[in-house]
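The structure under discussion appears below in the form of structure tokens.
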Amino acid sequence: MTTMATTNSHKPPYSTSHTLKALDQRYNAQSYSTIATIMALRQTYFQDRFTFMRGEDMVPVLKRLGATDENFRYVKSISNITGLNLDYCTVTHGRYSRLRRTIQRLEWQPYTLPVQEDYCRHD
1 MTTMATTNSH KPPYSTSHTL KALDQRYNAQ SYSTIATIMA LRQTYFQDRF
51 TFMRGEDMVP VLKRLGATDE NFRYVKSISN ITGLNLDYCT VTHGRYSRLR
101 RTIQRLEWQP YTLPVQEDYC RHD
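UniProt numbering puts the first residue of the sequence shown at 1, with every later residue one more than the last.
Structure (structure tokens):
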């Protein structure tokens with residue numbers, strides 16, 4: 001694995017060769033069913049303003065777009081360092097940039113905690 005240094009001397013955990021290359025899959029017949037799946041998710045988002053796809057359904061879609069098992073190793077490394085118990089009073093919905101090591105808030109979204117989760121409030 002090659003790494004490159006950034007201006008703040010942090011090293012990103014991946015090289016640029018791990019970029020998903022969807023265009024390389026354009027002549028694969030399965031990629032068209034994948035695009036149909038993505039478009040259905042898009043339509044659901046436009047109607048309901050949210051969408052959800054289970055992880056076991058997402059993996060084949062990403063693989064058909066060109067993701068490799070090595071790409072999933074990096075996703076697992078992020079998943080393994082996050083805790084199971086989130087402090088929901090401080091959670092914001094955003095996008096995490098691994099290169100800049102920052103989280104950018106996209107927009108405020110309400111959340112609910114069901115009784116089944118038995119969440120203990122911290123405020």
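Think of the CB as a built atom: it goes at the ideal place given N, C-alpha and C, for glycine as much as any other residue.
For T34, the first and last residue of its enclosing alpha helix (DSSP H): 29-48
Going by C-alpha distance, which of G55, A40, E70 is nearest D48? A40
Checking 7 Å against the spacing of the C-beta atoms, do R64 and Q43 come in under that value? Their beta carbons are not under 7 Å apart, which means R64 does not touch Q43 by this criterion.
Closest to P60 by CA distance: which of Y32, L99, S77, Y27 is it? It is Y32 whose Cα lies nearest to the Cα of P60.
DSSP-derived helix/strand/coil call for G66: coil
Inter-residue spacing [alpha-carbon to alpha-carbon] between L99 and G66: 21 Å
Rounded to whole angstroms, what is the Cα-Cα separation between Y27 and T37? 17 Å
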